[in-house]
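Chains as they are written, first to last, in our numbering: chain A, 1 to 217; chain B, 1 to 102.
Even glycine gets a Cβ: it sits at the ideal position worked out from N, Cα and C.
All values reported here derive from a predicted model rather than from experimental measurement.
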Amino acid sequence: MSTNSTTNATHGEEHGHEHVHDLRDDYGSKLGMWLFLFTELILFGGLFLLYMAYRYQYFPEFQLSAKSLKIWMGGLNTIILLTSSLTMVLSIVALQRRKIKASIYWLITTIVFAFGFLVVKYFEWSDKFAHGIFPGGEELALKSQGEKVFYGLYFTMTGLHGLHVIIGMIILGFILVFIVKGKVSPDRFALIENGGLYWHLVDLIWIFLFPLFYLLH
Amino acid sequence: MSYTDTNEGKIAHAHDPRYGINVMIWITLLSLTVITIAIAGLDLGNYTLLVAMFIAAIKSGFVINYFMHIKFEDLLFKLFIAGVIMVLLVIFVLTALDVFLR
Chain A
1 MSTNSTTNAT
11 HGEEHGHEHV
21 HDLRDDYGSK
31 LGMWLFLFTE
41 LILFGGLFLL
51 YMAYRYQYFP
61 EFQLSAKSLK
71 IWMGGLNTII
81 LLTSSLTMVL
91 SIVALQRRKI
101 KASIYWLITT
111 IVFAFGFLVV
121 KYFEWSDKFA
131 HGIFPGGEEL
141 ALKSQGEKVF
151 YGLYFTMTGL
161 HGLHVIIGMI
171 ILGFILVFIV
181 KGKVSPDRFA
191 LIENGGLYWH
201 LVDLIWIFLF
211 PLFYLLH
Chain B
1 MSYTDTNEGK
11 IAHAHDPRYG
21 INVMIWITLL
31 SLTVITIAIA
41 GLDLGNYTLL
51 VAMFIAAIKS
61 GFVINYFMHI
71 KFEDLLFKLF
81 IAGVIMVLLV
91 IFVLTALDVF
101 LR
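Structure follows, in structure tokens:
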């Protein structure tokens with residue numbers, strides 16, 4: 001892979017560590033991104049741990065409560081997130097193949113899907129709120145301890161996940177601007193790769209949230 | 001640096017990015033989602049949770065390996081992920097033993 005120095009100057013990222021003056025380290029940045037993702041896994045892991053322990057303690061209540069969540073809404077959001085993960089990958093592939101316009105369109109599609117996920121979530125949550133089911137809600141206060149725990153976990157975990165969707169949209173929005181400005185380019189794509197990793201993590205967590213809250217009854 | 005060679009091997013792969021394989025993975029993931037929902041309709045008793053988590057684990061494998069590109073990364077990344085999965089597994093198994101056998 002050792003090519004001449006002209007290539008190194010223009011495509012610096014591919015041979016970055018051979019140059020003293022080029023401080024870019026795409027390998028290191030990807031490694032750092034993964035280390036961050038591991039902390040995210042531990043964060044959500046703790047909540048999944050709570051889910052496991054309380055599901056064991058309040059098994060009938062968990063089954064009963066899960067029935068109140070609409071499978072088609074959770075399923076729709078699963079399809080939305082999986083598809084957005086695909087469009088995210090396609091955006092990266094397009095950029096690497098020097099199809100910058102296609103990359104931009106795929107990235108916009110990804111952000112639109114992320115927004116779509118939040119819209120579905122909005123309707124889902126407002127439906128629950130309208131029935132008095134939210135932390136501190138009057139209807140929830142009348143329910144059994146196990147159901148309160150279920151909804152507590154439901155709002156905490158899908159809420160934290162939703163927050164990650166919002167953060168993901170912001171990150172992808174920045175990357176979109178960087179592509180338009182040429183700061184993220186076919187020769188410099190570590191940032192979009194790392195943004196993609198974050199977006200796939202959001203998808204990954206939903207893959208577990210969906211069956212645990214919507215399907216197990 | 002010691003990782004120069006492997007690093008360039010990784011970059012070399014980036015020169016041949018493909019659309020098709022990712023679309024195939026997406027179709028697989030959607031199919032597995034349909035299977036999970038279909039199975040949820042059946043009453044598998046105590047195995048419902050296990051089956052659901054098993055399918056979720058398979059889906060995660062596809063997302064991590066292909067969408068997150070780990071299949072094509074250095075051994076270092078794979079070892080890190082294996083390590084984190086082991087840590088999570090130990091935490092879950094130990095907690096489960098405590099909760100279930102109390």
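>> Can you pull out the residues from the segment 38 to 61 of chain B whose beta carbon lies closer than 7 Å to at least one beta carbon of chain A?
In response: Ala40, Thr48, Leu49, Ala52, Ala56, Lys59 and Ser60
> Are the segment 49 to 68 of chain A and the segment 165 to 179 of chain A touching by the rule of at least three beta carbon pairs closer than 8 Å?
Replying inline: no
> How many Å lie between serine 107 of chain A and arginine 97 of chain A at the Cα?
Replying inline: Numbered from 1 along the first sequence, position 107 holds the residue referred to as residue 107 of chain A. Numbered from 1 along the first sequence, position 97 holds the residue referred to as residue 97 of chain A. First, the residue type needs correcting, since residue 107 of chain A is leucine and not serine in the sequence shown. Looking at the two C-alpha atoms, the distance is approximately 15 Å.
>> 8 Å is my cut-off, CB to CB: does valine 99 of chain B come that close to chain A?
In response: The sequence position of residue 99 of chain B within the second sequence is 99, counting from 1. Valine 99 of chain B counts as touching chain A.
> Is it true that the CB of threonine 33 of chain B sits closer than 8 Å to the CB of alanine 52 of chain B?
Replying inline: Along the second sequence, one-based indexing puts residue 52 of chain B at 52. Along the second sequence, one-based indexing puts residue 33 of chain B at 33. With respect to the 8 Å criterion, alanine 52 of chain B and threonine 33 of chain B are not classified as neighbours on the basis of their beta carbons.
> Does lysine 82 of chain B come within less than 8 Å of chain A when only Cβ atoms are used?
Replying inline: For the purposes of this step, residue 82 of chain B is identified with residue 82 of the second sequence, where counting begins at 1. Note that residue 82 of chain B corresponds to alanine in the displayed sequence, not to lysine. With 8 Å as the cut-off, alanine 82 of chain B does not count as an interface residue toward chain A.
>> Rounding to the nearest angstrom, what Cα-Cα distance links lysine 183 of chain A and isoleucine 192 of chain A in this structure?
In response: As a first step, residue 183 of chain A is located in the first sequence; it is residue number 183 there, counting from the start. As a first step, residue 192 of chain A is located in the first sequence; it is residue number 192 there, counting from the start. When rounded, the distance between both Cα atoms is 11 Å.
>> Can you tell me whether valine 149 of chain A is buried or exposed? The criterion is at least 16 other CB atoms within 10 Å of its CB, across all chains shown.
In response: Numbered from its first residue, the first sequence carries residue 149 of chain A at position 149. Under this definition valine 149 of chain A is a buried residue.
> If we count Cβ pairs, one from each stretch, closer than 8 Å, do we get three or more for the segment 120 to 133 of chain A versus the segment 69 to 81 of chain A?
Replying inline: yes
> Can you find a CB in chain A that lies within less than 8 Å of the CB of asparagine 22 of chain B?
Replying inline: Locating residue 22 of chain B in the second sequence gives position 22, where the first residue counts as 1. Closer than 8 Å to some Cβ of chain A, the Cβ of asparagine 22 of chain B qualifies, so yes.
> Listed in chain order, which residues of the segment 53 to 72 of chain A have Cβ atoms closer than 7 Å to some Cβ of chain B?
Replying inline: Ala53, Tyr56 and Ile71
> At least one CB of chain B closer than 8 Å to the CB of threonine 109 of chain A: is that the case?
Replying inline: As a first step, residue 109 of chain A is located in the first sequence; it is residue number 109 there, counting from the start. Residue contact check for threonine 109 of chain A against chain B: no CB pair falls below 8 Å.
> What does a CB cutoff of less than 7 Å around alanine 102 of chain A pick up in its chain, not counting 5 residues either side in sequence?
Replying inline: Mapped onto the first sequence, residue 102 of chain A falls at position 102. So the qualifying residues of the chain are Ala94.
>> I want to see whether chain B comes within less than 8 Å of arginine 98 of chain A, judged by CB atoms only; does it?
In response: Counted from its first residue, the first sequence places residue 98 of chain A at position 98. No, its Cβ sits nowhere closer than 8 Å to a Cβ of chain B.
> Is the Cβ of glycine 159 of chain A closer than 8 Å to any Cβ of chain B?
Replying inline: As a first step, residue 159 of chain A is located in the first sequence; it is residue number 159 there, counting from the start. So no, glycine 159 of chain A is outside the interface.
> Is histidine 131 of chain A buried or exposed, if buried means 16 or more other CB atoms sit within 10 Å of its CB?
Replying inline: Counted from its first residue, the first sequence places residue 131 of chain A at position 131. With fewer than 16 other Cβ atoms within 10 Å, it is exposed.
> Leaving out the 5 sequence neighbours to the left and right, which residues in its chain are closer than 8 Å to asparagine 22 of chain B when beta-carbon positions are compared?
Replying inline: As a working note, residue 22 of chain B is residue 22 in the second sequence. Correct list, in chain order: Tyr66 and Phe67.
> What is the DSSP secondary structure of arginine 188 of chain A, counted as helix, strand or coil?
Replying inline: For this step, residue 188 of chain A is matched to residue 188 along the first sequence. Assigned with DSSP and collapsed to three states, arginine 188 of chain A falls in strand.
> How long is the line joining the alpha carbons of proline 17 of chain B and lysine 71 of chain B, rounded to whole angstroms?
Replying inline: On the second sequence, residue 17 of chain B is found 17 positions in, with the first residue counted as 1. On the second sequence, residue 71 of chain B is found 71 positions in, with the first residue counted as 1. One C-alpha to the other measures close to 13 Å.
> Roughly how many angstroms lie between the CA atoms of serine 60 of chain B and glutamate 40 of chain A, to the nearest whole one?
Replying inline: Here the question's residue 60 of chain B lines up with position 60 in the second sequence. Here the question's residue 40 of chain A lines up with position 40 in the first sequence. In a straight line, the C-alpha of serine 60 of chain B is about 15 Å away from that of glutamate 40 of chain A.
> Which class does arginine 55 of chain A belong to by DSSP, given the choice of helix, strand or coil?
Replying inline: In the first sequence, residue 55 of chain A corresponds to position 55, counting from 1. Correct three-state label for arginine 55 of chain A: helix.
> Using a Cβ-Cβ cut-off of 6 Å (strictly less than) and excluding sequence neighbours within five positions of leucine 216 of chain A, which residues of its own chain qualify?
Replying inline: Counting from one through the first sequence, the residue named residue 216 of chain A turns up at place 216. Contacts found: Ala66.
> So, is asparagine 4 of chain A buried or exposed, given that buried needs 16 or more other C-beta atoms within 10 angstroms?
Replying inline: Counted from its first residue, the first sequence places residue 4 of chain A at position 4. Low per-residue confidence applies at asparagine 4 of chain A: pLDDT is 40, beneath 50, and the placement is therefore not dependable enough to give any value.
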